[in-house]
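Enquirer:
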Amino acid sequence: MQQKNHILLTPGPLTTSVEVKQSLLKDWGSRDSVFIDMTMSLRKNILKIVRAPESFTCIPIQGSGTFGLEAAFTTFTNKNSKILVLSNGAYGKRASSILKLLGHPFVELQFDEKTIIEPNVVQQFILKDPDLTHIFMVHCETTTGVLNPLAQISKISNEAKLCFLVDAMSTFGGIPIDLLNLNIDVIIASSNKCLEGIPGISFILAKQDLVESSRGNSKSLSLDLSAQWLEFEKSGQWRFTPPTHVVAGLLTALDGLNKEGGVAGRFARYRDNCNQLVQGMRELGFKTLLSDSTQAPVIVTFYDEFKNSYTFNNFYNDLQEYGFTIYPGKLTSAQTFRVGCIGNVYPKDIQRFISAVENIIQ
41 MQQKNHILLT PGPLTTSVEV KQSLLKDWGS RDSVFIDMTM SLRKNILKIV RAPESFTCIP
101 IQGSGTFGLE AAFTTFTNKN SKILVLSNGA YGKRASSILK LLGHPFVELQ FDEKTIIEPN
161 VVQQFILKDP DLTHIFMVHC ETTTGVLNPL AQISKISNEA KLCFLVDAMS TFGGIPIDLL
221 NLNIDVIIAS SNKCLEGIPG ISFILAKQDL VESSRGNSKS LSLDLSAQWL EFEKSGQWRF
281 TPPTHVVAGL LTALDGLNKE GGVAGRFARY RDNCNQLVQG MRELGFKTLL SDSTQAPVIV
341 TFYDEFKNSY TFNNFYNDLQ EYGFTIYPGK LTSAQTFRVG CIGNVYPKDI QRFISAVENI
401 IQ
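Going by my numbering, the first residue of the sequence shown is number 41, and it counts up by one from there.
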């Protein structure tokens, strides 16, 4: 049984506020007018977070971020498309796995896990393949914590007249994204990361004309975003049973985001968390995988250099006793572990974590 004040230093699910937890205690009728209004409010407020122009719509669906990703691919691409997948980690590779199962033509341009996606390489690759129709990128690859160059790839995509899809799971609400100044067609994110809600909803922001023109593409009944958008426009309702408590929790979480000063305020806190984490762990002898210039204030990857018979599992279990949960690494090239900076976590919590690590390794 976890301690009452147990803190998840993970990239999601993550630590939520007391207010979010309390908002889950009420039951809602999914076809009730009050819940329909809640859904409408959610859709509008999500769009505001990234300054989406009026040409965009927000389509929430049930499920994790991967559900949203698959819904976007099955709705906005087809067998006549050719998608360029930019990959520097596990989540870029996951996109390729989805496209392979769908049978949609794609090519994966791979980069080292420890480096950003290089815009010049992408631009040259696009010039050599005139059949490309779409480009996909993960904004923050939580395999490592690397932050990929969204603005530069957006510009390249626009110049090549490609449809640009972005996985913003680990940045939406925590790192500034301004759709008024970016050429992005589709953004996929979820409730349980920087928005600090609980798992259960993925949402897709897409240009409305793209949603309309994609009718009939999807080979999935439940993941058809065009069909769900039509139902929202017609009745305001979800086509299938919605996660009512998750919606309520996310609305409360969005209130918390506003009270913090919006994305700018949350980004500042996450950045402080990250800076204190990196400084404290380095002082204890741990080495970061990434350079500071490529590190997103989302999750930090450290090399696993435990000595003798002491292993990461020992470290993990010892941290549990102090009230912290972290993640093992996902790299294929090195032994690592990951510590998150996001969620309802503050610099004082990071300091407490550093003290716990110091006590454990002494």
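C-beta: ideal position from N, C-alpha, C; glycine also.
Mind checking which residues open and close the alpha helix (DSSP H) that includes residue 288?
Expert: Here residue 288 is taken as the residue at index 248 of the sequence shown, counted from 1. Looking at the DSSP string, the run of the alpha helix (DSSP H) that includes residue 288 is 284-299.
Enquirer: Spatial neighbours of residue 302 within its chain, please: CB distance less than 8 Å, with the 5 preceding and 5 following residues excluded, ordered by chain position.
Expert: As a first step, residue 302 must be located in the sequence shown, where it is residue number 262. These residues qualify, in order along the chain: 89.
Enquirer: Using the Cβ count rule (16 or more neighbours within 10 Å means buried), how would you classify residue 306?
Expert: As a working mapping, residue 306 is identified with position 266 in the sequence shown. Result: buried.
Enquirer: Tell me which residues share the same chain as residue 42 and place their Cβ nearer than 6 Å to its Cβ, disregarding the 5 neighbours each side in the sequence.
Expert: In the sequence shown, the residue the question calls residue 42 occupies position 2. Because residue 42 carries a pLDDT of 49, less than 50, the predicted location of this residue cannot be relied on, and the following value inherits that uncertainty. Result list for residue 42: empty, nothing under 6 Å.
Enquirer: Figure out for me which residue from 300, 396, 240 has the closest Cα to the Cα of residue 361.
Expert: Here the question's residue 361 lines up with position 321 in the sequence shown. Of the listed residues, the one whose Cα sits closest to residue 361 is 396.
Enquirer: Kindly identify the DSSP beta-bridge partner or partners of residue 127.
Expert: Residue numbering aside, residue 127 sits at position 87 when the sequence shown is read from its first letter. In the DSSP output, where bridge partners are listed per residue, residue 127 has 150.
Enquirer: Which residues share a DSSP beta bridge with residue 380?
Expert: Within the sequence shown, numbered from 1, the residue matching residue 380 stands at position 340. According to DSSP, which records beta bridges pairwise, residue 380 is partnered with 339.
Enquirer: For residue 104, report the span of its alpha helix (DSSP H) as first-last.
Expert: Here residue 104 is taken as the residue at index 64 of the sequence shown, counted from 1. Looking at the DSSP string, residue 104 is not in any alpha helix (DSSP H), and its letter there is neither H nor E.
Enquirer: Taking DSSP as the reference, what is the three-state secondary structure of residue 314?
Expert: Taking the first residue of the sequence shown as 1, we reach residue 314 at position 274. Helix.
Enquirer: Measuring CA to CA, which of 214, 324, 157 is closest to residue 398?
Expert: As a working mapping, residue 398 is identified with position 358 in the sequence shown. Minimum Cα distance to residue 398 is reached at 324.
Enquirer: Taking all protein chains shown into account, decide if residue 131 is buried (16 or more other Cβ within 10 angstroms of its Cβ) or exposed.
Expert: Here residue 131 is taken as the residue at index 91 of the sequence shown, counted from 1. When all chains shown are included, residue 131 counts as buried.
Enquirer: What separation, rounded to the nearest whole angstrom, lies between the Cα atoms of residue 327 and residue 212?
Expert: On the sequence shown, position 287 is the one that residue 327 refers to. On the sequence shown, position 172 is the one that residue 212 refers to. In a straight line, the C-alpha of residue 327 is about 28 Å away from that of residue 212.
Enquirer: Taking the continuous beta strand (DSSP E) assigned at residue 247, which residues delimit it?
Expert: Translated into the one-based positions of the sequence shown, residue 247 becomes position 207. Counting along the chain, the beta strand (DSSP E) containing residue 247 begins and ends at 241-247.
Enquirer: Which same chain residues end up closer than 6 Å to residue 175 when comparing Cβ atoms and leaving out the 5 residues on each side of it in sequence?
Expert: Position 135 of the sequence shown, counted from the start, is the residue given in the question as residue 175. Only 124, 197, 202, 204 meet the Cβ criterion.
Enquirer: For the candidate residues 269, 355, 158, whose alpha-carbon lies nearest to that of residue 112?
Expert: Counted from its first residue, the sequence shown places residue 112 at position 72. Here the closest residue by C-alpha is 269.
Enquirer: If you run the structure through DSSP and keep just helix, strand and coil, what is residue 361?
Expert: Within the sequence shown, residue 361 is the residue found at index 321, counting from 1. Note: residue 361 maps to helix in three-state DSSP.
Enquirer: Sorted by chain position, which residues of the same chain lie with C-beta nearer than 8 Å to residue 366's C-beta, five sequence neighbours on each side aside?
Expert: Here residue 366 refers to the residue found at position 326 of the sequence shown. 49, 50, 356, 359, 377, 378, 379, 380, listed in sequence order.
Enquirer: Report the residue from 82, 335, 72, 74 whose alpha carbon sits nearest the alpha carbon of residue 287.
Expert: Numbered from 1 along the sequence shown, position 247 holds the residue referred to as residue 287. Checking every option, the nearest Cα to that of residue 287 belongs to 82.
Enquirer: Using a Cβ-Cβ cut-off of 6 Å (strictly less than) and excluding sequence neighbours within five positions of residue 257, which residues of its own chain qualify?
Expert: For the purposes of this step, residue 257 is taken as residue 217 along the sequence shown, with counting starting at 1. Cβ neighbours of residue 257 beyond the five flanking positions: 115, 118.
Enquirer: Have a look at the DSSP bridge pairing and note the partners of residue 174.
Expert: Mapped onto the sequence shown, residue 174 falls at position 134. For residue 174, which the question treats as bridged, DSSP gives the partners 123, 203.
Enquirer: Taking the CB atoms as reference points, tell me whether residue 70 and residue 284 lie closer together than 8 Å.
Expert: By one-based count along the sequence shown, residue 70 stands at place 30. By one-based count along the sequence shown, residue 284 stands at place 244. Their beta carbons are under 8 Å apart, which means residue 70 touches residue 284 by this criterion.
Enquirer: In or out: residue 61 buried (at least 16 other Cβ within 10 Å) or exposed?
Expert: As a position in the sequence shown, residue 61 is number 21, starting the count at 1. So residue 61 ends up on the exposed side.
Enquirer: Classify residue 94 as helix, strand or coil using the three-state DSSP reduction.
Expert: Position 54 of the sequence shown, counting from 1, holds the residue named residue 94. Here residue 94 sits in coil by DSSP.
Enquirer: Suppose contacts are defined by Cβ-Cβ distances below 8 Å. Is residue 107 in contact with residue 242 by that definition?
Expert: Sequence index remark: in the sequence shown, residue 107 carries index 67 (1-based). Sequence index remark: in the sequence shown, residue 242 carries index 202 (1-based). Going by C-beta atoms, residue 107 is nearer than 8 Å to residue 242.
Enquirer: If you draw a straight line from the alpha carbon of residue 161 to that of residue 369, how long is it in whole angstroms?
Expert: As a position in the sequence shown, residue 161 is number 121, starting the count at 1. As a position in the sequence shown, residue 369 is number 329, starting the count at 1. Near 27 Å, if we compare the C-alpha coordinates of residue 369 and residue 161.
Enquirer: Alpha helix (DSSP H) containing residue 224: first to last residue?
Expert: The residue you call residue 224 lines up with position 184 of the sequence shown. Per DSSP, residue 224 belongs to no alpha helix (DSSP H) and is neither H nor E.
Enquirer: Could you have a look at residue 136 and say whether DSSP puts it in helix, strand or coil?
Expert: Locating residue 136 in the sequence shown gives position 96, where the first residue counts as 1. Residue 136 falls in the helix class under three-state DSSP.
Enquirer: What does DSSP give as the partner residue(s) for residue 181 in the beta ladder?
Expert: Translated into the one-based positions of the sequence shown, residue 181 becomes position 141. DSSP lists 186 as partners of residue 181.
Enquirer: Here's the rule: buried if 16 or more other CB atoms are within 10 angstroms of the residue's CB, otherwise exposed. What is residue 141?
Expert: Residue numbering aside, residue 141 sits at position 101 when the sequence shown is read from its first letter. So residue 141 ends up on the exposed side.
Enquirer: If we call anything under 8 Å between Cβ atoms a contact, is residue 45 one with residue 289?
Expert: Taking the first residue of the sequence shown as 1, we reach residue 45 at position 5. Taking the first residue of the sequence shown as 1, we reach residue 289 at position 249. Result no, Cβ atoms of residue 45 and residue 289 do not sit closer than 8 Å.
Enquirer: Would you grab the beta carbon distance between residue 188 and residue 157 for me? Rounded to a whole angstrom, and I think it's under 8 Å.
Expert: As a position in the sequence shown, residue 188 is number 148, starting the count at 1. As a position in the sequence shown, residue 157 is number 117, starting the count at 1. Confirmed, Cβ separation roughly 5 Å.
Enquirer: Is the beta carbon of residue 100 sitting closer than 8 Å to the one on residue 121?
Expert: Counting from 1 along the sequence shown, the entry for residue 100 is found at position 60. Counting from 1 along the sequence shown, the entry for residue 121 is found at position 81. No.
Enquirer: Taking the CB atoms as reference points, tell me whether residue 235 and residue 297 lie closer together than 8 Å.
Expert: Taking the sequence shown and counting its residues from 1, the one referred to as residue 235 is at position 195. Taking the sequence shown and counting its residues from 1, the one referred to as residue 297 is at position 257. A contact, by the Cβ cut-off of 8 Å.
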